[in-house]
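These notes are about the structure you will find just below.
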Amino acid sequence: MRSSRACQILLVDDCPLILTCLRTGLRFKEAEWTLTFAEHPKRAIELVLRNHFDVVISDVGLPDMNGVELVQTIATISPVTACLLMSGTEPGAEGFPIDGAFRVLRKPFGLDELVREVDGAVVRHRRNVPEEAHCERL
Amino acid sequence: MRSFTRRSLIAQGAVVHFRIALVLISVIPALVTLYLAGATSVSLDRIPYAGLLLALTYGVSPALGYVILSRYPRMAVRLRAYLQDMLHGELPERIALVKSEDDLSAIENSMNLILRKLKGDVATVSSANALLQEELVRVDKLRAIGTLAGGIAHEINTPLQIIRSHTEFTSAVLCQVLELVDQSPPGGAAGPADRRWRWAQNTLIDVTSAAQETEAAVERVAGIVTAMQSFASHGKSGTAVRMDLNATIMQALTITHNEWKHVVNVETDLAPDIPLVECYASDIKQGLTDLILNATRAVAERGDRSHKGVIQISTQLTGAAVTLQVRDTGVGIPQAIQNRIFDPFFTTREVGQGQGQALARLHSSIVNRHGGRIFFDSQNNQGTTFTIVLPLQRSTSP
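If you're matching them up, the sequences are chains A and B in order.
The first sequence: position 100 = 100 (our numbering), numbered continuously.
The second sequence: position 286 = 1286 (our numbering), numbered continuously.
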């Protein structure tokens, strides 16, 4: 039943051009993925509170709170959501605390790399989070 | 006491001790005289005796005391003053106590010897200190450049992401369009429609390959930026991390590419089965860069412009360690200086062309921080091979 539904993905980046290029570039996945975009972490949290997302991919350098804090918050309020980070900075650099729980896509990444990471994150997350959690959320 | 100079110490010490000594030496015979006069009831008419005693009291004794005191305690006071000055870092021109040959003059000579050696040491230390200061400034500068480079890399990566995504998208779409065009040639004989179709097809082929070349170029820029970013992260030099040695070698080659591309061909033979190595990453990155640059210079010094030299870099798993070799076809290290190349501040280059710290720093890091080994083999005009044996787990603590 789940496999028939499109995978809900939220992309968070404060640079609108990044969101645009990912929207265009990922058009070939539109049958399987439904993409939502947010430029601000607060907006991202609002969206997660109101909607179901299978995956959240967030940039690290964001206004008001960094991406690591954002995905930590999202993981708490929506345990069914798998979270990924993307960044042009090395993990451990200033403003990028290392949290081993989240995989990092290093910018500039290829679109195929993004697809692989998202698919992998969905599979891993389903294995780790019991099915009841998914049902509760739905 | 610290504020007293040598001279004031001598003056103070000598004067105080003299006065006490003179008073004692003068007063004791006087007291003895008075006691004797009283006890034996000597009358004042026995003037000669009294006169003798008085002469002893006020004449001979002080004179004698002065002679004795002026030789020994004053020199001891002086000696003490010299020592005190030296302890406070104020080195006298030379020690001067007495002119005659005796125990004290032996001390004087010994002290002068010590003083000469000490002055030599101070000169060595202060010149090493000056070099260290320069080195510190260099490290500071490097750190600043590192911070900047990290920031710039981050700034570059965002537009690079946009370029990469768009080019990937463009070239994928172009491929699809080209396929469509290929499948739908205009029917009929050669005419204007056929010519337009052919033009469209050829143009699409060109545009597609342009997009693919752009993709490849972007990937190259991304590789350079990543290498630069990885090398620029200085902040973690104090902690050991688990590092992919082969990837680090490739990154070092990327960032030094501009230095060696016209001088040497680089060949790598990196064993694929090497596990992550626990090490101080910035030490190893810096050391690798230095070895590659040294090898390039050694080849350049041969001055053979018609033939490029070779740098071979290999890694190999040897038990619980990795053996890394950097081999060049350069001038080689002259026999005469082979035992000094790991010494701090040893350099054969002109002033300003390097501090001669690279190999010393690498040697100290490999041996002391990683518990590994570094050695080399060099043949005149044949080349040099540096070998580093790096344990997978560090066996010594810093």
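Cβ coordinates follow ideal geometry from the N, Cα and C atoms, glycine included.
In three-state terms, what does DSSP make of residue i?
| i | result |
| --- | --- |
| A/I9 | strand |
| B/P1159 | helix |
| B/I1388 | strand |
| B/L1293 | helix |
| B/N1265 | strand |
| A/C21 | helix |
| A/G120 | helix |
| B/G1150 | helix |
| B/G1187 | coil |
| A/V129 | coil |
| B/G1309 | strand |
| B/F1004 | With a pLDDT of 47 at B/F1004, under the threshold of 50, the predicted position of this residue should be treated as unreliable, though the coordinate-derived value follows. Looking at B/F1004 - three-state DSSP - the assignment turns out to be coil, as it is neither helix nor strand. |
| A/R2 | Interpretation of A/R2 is limited by its pLDDT of 46, a score under 50 that renders its predicted location unreliable; the figure taken from the coordinates is listed afterwards. A/R2 falls in the helix class under three-state DSSP. |
| B/I1341 | coil |
| A/P79 | coil |
| B/G1059 | helix |
| A/N66 | coil |
| B/I1333 | coil |
| A/P108 | coil |
| B/L1131 | helix |
| B/Q1212 | helix |
| B/R1164 | helix |
| A/P41 | helix |
| B/D1194 | helix |
| B/I1255 | helix |
| B/G1120 | helix |
Which residues of chain B have a Cβ atom closer than 9 Å to the Cβ of residue i, listed in chain order?
| i | result |
| --- | --- |
| A/I18 | T1158, Q1161, I1162 and S1165 |
What in chain A is Cβ-close to residue i, meaning under 8 Å?
| i | result |
| --- | --- |
| B/V1177 | Simply none; closest approach about 14 Å. |
| B/V989 | Outside the modelled stretch of chain B, which goes from 1001 to 1398, sits residue 989 of chain B, for which no answer is possible. |
Ordered along the chain, which non-local residues of its own chain (more than five positions away) have a Cβ less than 6 Å from that of residue i?
| i | result |
| --- | --- |
| B/D989 | This structure cannot speak to residue 989 of chain B, because chain B is shown only from 1001 to 1398. |
| B/V1241 | A1281 |
| B/E1301 | V1331 |
Per DSSP, what are the beta-bridge partners of residue i in this structure?
| i | result |
| --- | --- |
| A/T36 | A/L10 |
| A/L84 | A/I57 and A/R103 |
| B/T1315 | B/L1270 and B/L1324 |
| B/A1379 | The sequence shown places Gln at residue 1379 of chain B, rather than the Ala named in the question. DSSP lists B/G1383 as partners of B/Q1379. |
| B/E1278 | B/R1242 |
| B/I1374 | B/I1388 |
| B/N1177 | Residue 1177 of chain B is actually Val in this sequence, not Asn. Answer is none; B/V1177 lacks a bridge partner. |
Just to confirm before moving on: does the CB-CB distance between residue i and residue j stay below 8 Å?
| i | j | result |
| --- | --- | --- |
| A/G88 | B/H1154 | yes |
| B/I1162 | A/L10 | no |
| B/S1365 | B/G1309 | no |
| A/T24 | B/F1169 | yes |
| B/L1255 | B/A1227 | Sequence inspection shows Ile at residue 1255 of chain B; the Leu mentioned does not correspond to that position. Yes; because the gap between Cβ atoms is below 8 Å, this pair is in contact. |
| B/E1299 | B/G1330 | The sequence given here places Val at residue 1299 of chain B; Glu does not occur at that position. Cβ atoms of B/V1299 and B/G1330: closer than 8 Å. |
| B/I1284 | B/I1311 | no |
| B/A1252 | B/T1289 | yes |
| B/T1167 | A/C15 | no |
| B/A1216 | B/S1171 | no |
| B/R1340 | B/G1383 | no |
| B/Q1316 | B/A1271 | yes |
| B/T1323 | B/V1389 | yes |
| A/H125 | A/A82 | yes |
| A/L47 | B/S1165 | no |
| A/D54 | A/Q72 | no |
| A/L49 | A/S58 | no |
| B/R1174 | B/L1131 | The identity of residue 1174 of chain B in the sequence shown is Leu, whereas the question assumes Arg. It is not a contact, given that the beta carbons lie outside the stated cut-off. |
What does residue i touch in chain A if you count any residue whose Cβ is under 9 Å from its own?
| i | result |
| --- | --- |
| B/S1230 | E90 |
| B/G1150 | T89, E90, A93 and E94 |
| B/V1207 | The contacting residues do not exist; B/V1207 stays about 17 Å from chain A at best. |
| B/A1153 | G88, T89 and E90 |
| B/V1299 | Near B/V1299 there are no residues of chain A at all, since even the closest Cβ is about 33 Å away, more than 9 Å. |
| B/V1218 | P108 |
Quick one: list the residues of chain A neighbouring residue i, beta-carbon separation under 7 Å, in chain order.
| i | result |
| --- | --- |
| B/E1213 | Those within 7 Å of B/E1213 in chain A number zero; the least Cβ separation is about 16 Å. |
| B/E1168 | G25, G110 and L111 |
| B/A1222 | P108 |
Below 8 Å CB to CB, which residues in the same chain sit around residue i once its five sequence neighbours on both sides are set aside?
| i | result |
| --- | --- |
| B/V1122 | L1091 |
| B/G1352 | At B/G1352, the pLDDT of 49 sits below 50, so the modelled position is not reliable; the number obtained from the coordinates is stated separately. Once the five neighbours on either side are set aside, B/G1352 has no close Cβ partner at all. |
| B/L1160 | V1218, V1221, A1222 and V1225 |
| B/K1119 | L1091 |
Which residues in chain B have a C-beta closer than 7 Å to the C-beta of residue i? List them in chain order.
| i | result |
| --- | --- |
| A/L22 | S1165 |
| A/C15 | T1158 |
The ligand SAM and residue i: does the residue's C-beta get closer than 7 Å to at least one heavy atom of that ligand?
| i | result |
| --- | --- |
| B/I1145 | With respect to the ligand SAM, the structure offers nothing, as it holds no ligand at all. |
Among residues of its own chain, excluding the 5 on either side of residue i, which ones have a beta-carbon nearer than 7 Å to its beta-carbon?
| i | result |
| --- | --- |
| B/F1342 | L1359, A1360 and H1363 |
| B/E1267 | V1310 and Q1312 |
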